[in-house]
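2 protein chains.
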Amino acid sequence: MIGLIRVFTTDSMDVLEQHGRVIIEKYGVHVMSRSIPDQPLGIYDDVTEEIANPKIVELGKSMERDGCKVLVISCAADPAIDALRQSVSIPVIGAGSAASYSALATGLPVGVMGITEEAPAVVSGLLGSRLVKYLRPEGVTNTTDILTPSGREKAIEAAQSLIDQGAKVIQFACTGFSTIGLADVLRNELRISVIDPVEAEGLYASSLYLQTVTDNPIH
Amino acid sequence: MIGLIRVFTTDSMDVLEQHGRVIIEKYGVHVMSRSIPDQPLGIYDDVTEEIANPKIVELGKSMERDGCKVLVISCAADPAIDALRQSVSIPVIGAGSAASYSALATGLPVGVMGITEEAPAVVSGLLGSRLVKYLRPEGVTNTTDILTPSGREKAIEAAQSLIDQGAKVIQFACTGFSTIGLADVLRNELRISVIDPVEAEGLYASSLYLQTVTDNPIH
């Protein structure tokens, strides 16, 4: 199966499996989700990323031992991805790089939206000159803000602003936007293509994973 | 629908639609295939690429006029991709860049196989330091060579050699390998992940295309 790493701590199976459910429903593969220990607020600055990095590596190694064939770091900043890739013998997909490569393949100018002040380094680094602009919807600093009617309106406004500045495709730099279904809102309201990091990581992970099970009809 | 451009001339609907059929079967989308005029031998050097480029642009423009929502240049060298992207208002996917971005997303060292002397510039350029090595199977200069038992053996040998040199994923730099089903041969014989350019272009094109038809149950 695919091993999916959430980079925060939760006791709720429902929350833990939010990203995995998107991938299971969209690509029909088995996904096992696990979260790193003792970090309920996840990664929100350099210090918390430093603290999380070795936990992500240890968790990934244990998921390989438990039989996962592909790992996913389900966070748009791709934390600890190089360290984990050096520590396991199976492929590791990151949400940020997966979304960026999907956006690059379209050849279109990319507008990026997230909840942090700046785009994750992996995203701006990979997109390079294809990045039109990064925007945080006004007043939105966490994904629950987007769930309010006003937050939804601000997210649509931010996407429209990116389009007005030349973006032909919108890329999310926040996996939280995936779980609240923002991609479909923008697709329907603005008729714009959206690259969703959870969909993108699932695309690559399932494509690799299904190659490991060609002899097995049950994935 | 998706408009798929073959960069050679054929009167055979069966040959014309080889790549489109792979995409239809794998992703469940409509694909219309067309080939450029007066070039039965396709692109095999700089001169023939120069001659083909304006035909690819004109064909793409006509397919946009005929209602295509996404275009695919189904050749691993991505011929005329920049010119076509500047000439139409819909996304243009190239087989070479699509396969390369899919390979990059895995984070794995990439071995590339094709039938030309060197890897297409777009492939080696995008892969950069992730490219372990490019190989042409011994004695193989066109895709029909691979169809013989000896050609098949040489293709497996080439892939094994790339693996021995450190490749953890094999990328094809020739769409002809797709139509003969070489990816599944290598997956089964060598238990290696294979990035097939027709599958990769279909992945991105169908993902973009399906976003344009969210209100329409028939794709």
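Each protein sequence line maps, in turn, to chains V and U. Residue numbers for the first sequence follow the numbering used here, so the first one is 528 and each next one is one higher. Residue numbers for the second sequence follow the numbering used here, so the first one is 528 and each next one is one higher. Even glycine gets a Cβ: it sits at the ideal position worked out from N, Cα and C.
Per the contact definition of three or more C-beta pairs closer than 8 Å, is the segment 724-743 of chain V in contact with the segment 612-628 of chain U? no
Of the residues I719/V, I551/V, Q692/V, G678/V, which one's Cα is nearest the Cα of R657/V? Q692/V
Span of the beta strand (DSSP E), counted from its first residue to its last, around F699/U: 696-699
Between the Cα of D538/V and those of L654/V, V556/V, S562/V, spot the shortest distance and give me the residue it belongs to. S562/V
Beta-carbon of T702/V versus every beta-carbon of chain U: anything under 8 Å? no
Taking the DSSP output, what are the residues bridged to G708/V? DSSP output for G708/V lists no bridge partner at all.
Using a 10 Å radius around the Cβ and a threshold of 16 neighbouring Cβ atoms, would you call T675/U buried or exposed? exposed
Taking the beta carbon of G652/U as the centre, do at least 16 other beta carbons fall within 10 Å, making it buried, or is it exposed? exposed
Using a C-beta to C-beta distance shorter than 9 Å, which residues of chain V count as neighbours of R612/U? G634, L635
Inter-residue spacing [alpha-carbon to alpha-carbon] between R718/U and Y554/V: 22 Å
Residue from P567/V, A607/V, L568/V with nearest C-alpha to L586/V: A607/V
If you drop the 5 nearest sequence neighbours on each side, which residues of the same chain put their C-beta closer than 7 Å to that of D565/U? T536
Could you tell me which residues DSSP pairs with G530/V in its beta bridges? M559/V, L598/V
With a cut-off of 8 Å, does the C-beta of L662/U fall near any C-beta of chain V? no
May I have the straight-line CA-CA distance separating P618/V from Y736/V, to the nearest angstrom? 9 Å
How is L654/V classed by DSSP in three states: helix, strand or coil? helix
Since I believe I707/V is in contact with V599/V (beta carbons under 8 Å), could you give me their beta-carbon distance rounded to a whole number of angstroms? At roughly 19 Å, the Cβ-Cβ gap does not stay under 8 Å, so V599/V and I707/V are not in contact.
Proximity below 8 Å, CB of T633/V to CB of V725/V: no
Could you check where the alpha helix (DSSP H) with G729/U kicks off and where it finishes? 724-739
By the criterion of Cβ-Cβ separation under 7 Å, what are the contact partners of G619/V in chain U? Checking the sequence, you will find Val at residue 619/V rather than Gly. Within 7 Å Cβ-Cβ: G634.
Indicate whether at least one CB of chain C lies closer than 8 Å to the CB of Y554/U. Considering every chain present, this structure includes no chain C. Its protein chains are V and U.
Measure the alpha-carbon distance for L635/V versus S589/U and round it to whole angstroms. 20 Å
Note the first and the last residue of the continuous alpha helix (DSSP H) segment covering I683/U. 676-691
Tell me where the alpha helix (DSSP H) around V667/U begins and ends. Careful: V667/U lies outside any alpha helix (DSSP H) and carries neither H nor E.
When you compare the CB of Q698/U with every CB in chain V, is at least one pair closer than 8 Å? no
Quick one: does V721/U have its CB under 8 Å from some CB of chain V? yes
DSSP on I578/V, reduced to helix/strand/coil? helix
Determine the extent of the alpha helix (DSSP H) in which I550/V is found, giving its start and end residues. 545-554
Kindly identify the DSSP beta-bridge partner or partners of N661/U. Correcting the residue identity first, residue 661/U is Tyr in this sequence and not Asn. V639/U, per the DSSP bridge assignment.
Under the three-state reduction of DSSP, which class applies to S624/U: helix, strand or coil? helix
In whole angstroms, what separates the C-alpha of D605/U from that of I570/U? 11 Å
Am I right that V584/V and A610/V are in contact with their C-beta atoms under 8 Å? What's the rounded C-beta distance? 5 Å
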